[in-house]
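By my numbering, the letter at position 137 of the sequence shown is numbered 138, and the numbering carries on one by one without gaps.
Beta carbons are placed, not taken as given, at the ideal position from N, Cα and C, and that holds for glycine.
The block underneath contains the structure these notes are about, expressed in structure tokens.
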Amino acid sequence: MKRLTLLALALTAFAACGQHDTYYGENGEPCLDTGTVQLLLPSGAPIETSACLCTDSLILMEGDIVLPEDAALPPLRGTITIGRLWADGVVPYQLSAELPNRIKTNIQEAIAHWQEKTKIRFVPYDSKRDADYIVFIKHASATTGASNVGNYHGKQYIRLGSQTSRAVAIHEIGHSLGLFHEQSRPDRDQYVTIKWDNIRVKHQGNFKIKGEAVGPYDFHSRMHYPPTTFARNRNKPTIVPKDPANQIENDGWLSPGDIQAVNTLYHF
């Protein structure tokens, strides 16, 4: 089951001037390290991660989670709410005309899968009806995707590269519904070992623990990092199951744990 954003997260980020370094994301795009990001759960418990200013001037954390576009980075100032749910699990959306037909097909297949497996419903955006909605647009990084977490209110984007798959679309939709990455949950160290020495230094903050554990740890989640994510040496893993009988693998579709997570999150 997922690390869930059950209500909303208040976000306060800070970065010391003069400490920014240029480094590179998963697809080789140049990024600017903006320093430590501190998330506050409704309980007041602090969670720390890192963020970077990357492709399309996006502010990213954990590689594909987009922080609010109006954040004044660097340094990021103020308090920003993330992780809101979509009212009644209904998500208005539209597809950008610039998307290649293949990506449009992937998106429609991903939406159909979410609707088949959960009670989430996607409806065409209506300007007279919908204040909050998602626009699927082309991502500058051809092989990756990016999304906000939850409903940010107003127009928000899911970005998909021209070479991305249906599985990537399913994953990014998961973020937009309020899901974080599976390996971020606070009980993860009972199930996996993080190989810190094989993680690129500037990306180690992406592996910090965040949020709450709901249900059993899901090695097959569509929201789980692949085992070599952000590796210095791509021939060696960054995440290793403690029990060799467990393998981190996903077939490109939602796992039973993913389905249960969203249905729990939205009280279906």
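(message) I need the boundaries of the beta strand (DSSP E) containing glutamine 95, first residue and last residue.
(response) As a first step, residue 95 is located in the sequence shown; it is residue number 94 there, counting from the start. Looking at the DSSP string, the run of the beta strand (DSSP E) that includes glutamine 95 is 91-96.
(message) Relative to the C-alpha of aspartate 65, which candidate in Pro125, Pro242, His204 has its C-alpha closest?
(response) As a working note, residue 65 is residue 64 in the sequence shown. Among Pro125, Pro242, His204, the Cα nearest to that of aspartate 65 belongs to His204.
(message) Let me confirm a value: histidine 140 is counted as buried when at least 16 other C-beta atoms fall within 10 Å, else exposed. Which label applies?
(response) The residue given as residue 140 occupies position 139 in the sequence shown. Result: buried.
(request) Just mark arginine 189 as buried or exposed, buried being the case when its beta carbon has 16 or more other beta carbons within 10 Å. (result) If you number the sequence shown from 1, residue 189 lands on position 188. The residue in question, arginine 189, is buried, as its Cβ has 16 or more Cβ neighbours within 10 Å.
(message) For glutamine 95, tell me which candidate among Lys156, Asp89, Ser142, Gln116 has the shortest Cα-Cα distance.
(response) On the sequence shown, residue 95 is found 94 positions in, with the first residue counted as 1. Looking at the Cα atoms, Lys156 is the closest of the given residues.
(message) If you reduce the DSSP assignment to three classes, tell me which class glycine 155 lands in.
(response) For the purposes of this step, residue 155 is taken as the residue at position 154 of the sequence shown. Residue state, collapsed to three classes: coil.
(message) Does phenylalanine 137 come out as helix, strand or coil in the three-state DSSP assignment?
(response) As a working note, residue 137 is residue 136 in the sequence shown. Strand, per DSSP.
(request) Measure the alpha-carbon distance for proline 217 versus aspartate 133 and round it to whole angstroms. (result) Taking the first residue of the sequence shown as 1, we reach residue 217 at position 216. Taking the first residue of the sequence shown as 1, we reach residue 133 at position 132. Going by the C-alpha atoms only, they are around 32 Å apart.
(request) Given a cut-off of 8 Å, decide if isoleucine 200 and phenylalanine 231 are closer than it, judged by their beta-carbon atoms. (result) Within the sequence shown, the letter at position 230 stands for residue 231. Within the sequence shown, the letter at position 199 stands for residue 200. Taking a C-beta distance under 8 Å as the contact criterion, phenylalanine 231 and isoleucine 200 qualify as a contact pair.
(request) Determine the DSSP secondary structure at arginine 274, reduced to helix, strand or coil. (result) In the structure as shown, the chain begins at 2 and stops at 269. Residue 274 is therefore absent and cannot be evaluated.
(request) Let me know if alanine 246 comes out buried or exposed under the rule of 16 or more other beta-carbons within 10 Å of its beta-carbon. (result) Sequence index remark: in the sequence shown, residue 246 carries index 245 (1-based). When all chains shown are included, alanine 246 counts as exposed.
(request) Could you tell me the distance, in whole angstroms, from the CA atom of threonine 229 to the CA atom of threonine 145? (result) Working through the sequence shown from its first residue, we reach residue 229 at position 228. Working through the sequence shown from its first residue, we reach residue 145 at position 144. Spanning the two alpha carbons is a distance of roughly 15 Å.
(request) Look at valine 193 and proline 242 and say whether their C-beta atoms are less than 8 Å apart. (result) Stepping through the sequence shown from its first residue, residue 193 is reached at position 192. Stepping through the sequence shown from its first residue, residue 242 is reached at position 241. Yes, these two residues count as a Cβ contact at 8 Å.
(request) Kindly indicate which three-state DSSP category arginine 189 falls into: helix, strand or coil? (result) Counting from one through the sequence shown, the residue named residue 189 turns up at place 188. Reduced to three states, the DSSP call for arginine 189 is helix.
(message) By DSSP's criteria, proline 242 is part of a beta bridge. Which residues make up the other side?
(response) Residue mapping note: residue 242 aligns to position 241 of the sequence shown, counting from 1. Under the DSSP definition of a beta bridge, proline 242 partners with Val193.
(message) In whole angstroms, give me the CA-to-CA distance for aspartate 252 and histidine 172.
(response) To locate residue 252, count along the sequence shown from 1; it is residue 251. To locate residue 172, count along the sequence shown from 1; it is residue 171. Rounded to the nearest angstrom, the two C-alpha atoms are 12 Å apart.
(request) Name, in chain order, the residues that DSSP records as bridge partners for glycine 206. (result) Taking the sequence shown and counting its residues from 1, the one referred to as residue 206 is at position 205. In DSSP, glycine 206 forms no bridge with anything.
(request) Can you give me the Cβ contacts of serine 97 inside the same chain, cut-off strictly under 8 Å, excluding the 5 residues immediately before and after it? (result) Your numbering for residue 97 matches position 96 in the sequence shown. Apart from the 5 residues on each side of it in sequence, serine 97 sits with its Cβ closer than 8 Å to the Cβ of Val136, Phe137, Ile138, Lys139 in its chain, given in chain order.
(message) Am I right that isoleucine 104 and leucine 161 are in contact with their C-beta atoms under 8 Å? What's the rounded C-beta distance?
(response) As a working note, residue 104 is residue 103 in the sequence shown. As a working note, residue 161 is residue 160 in the sequence shown. Right, their Cβ atoms sit about 6 Å apart.
(request) Determine the contact status of serine 222 and serine 177, defining contact as a CB-CB distance below 8 Å. (result) Residue numbering aside, residue 222 sits at position 221 when the sequence shown is read from its first letter. Residue numbering aside, residue 177 sits at position 176 when the sequence shown is read from its first letter. Going by C-beta atoms, serine 222 is not nearer than 8 Å to serine 177.
(request) Return the CA-CA distance between threonine 239 and aspartate 89, expressed in angstroms with no decimal places. (result) Here the question's residue 239 lines up with position 238 in the sequence shown. Here the question's residue 89 lines up with position 88 in the sequence shown. Taking the straight line from one Cα to the other gives about 38 Å.
(request) Compute the Euclidean distance between the alpha carbons of valine 202 and phenylalanine 208, then round it to the nearest angstrom. (result) For the purposes of this step, residue 202 is taken as residue 201 along the sequence shown, with counting starting at 1. For the purposes of this step, residue 208 is taken as residue 207 along the sequence shown, with counting starting at 1. For valine 202 and phenylalanine 208, the distance between alpha carbons rounds to 11 Å.
(message) Given this structure, state the Cα-to-Cα distance separating alanine 111 from isoleucine 159, to the nearest angstrom.
(response) As a position in the sequence shown, residue 111 is number 110, starting the count at 1. As a position in the sequence shown, residue 159 is number 158, starting the count at 1. Going by C-alpha positions, alanine 111 is about 13 Å away from isoleucine 159.
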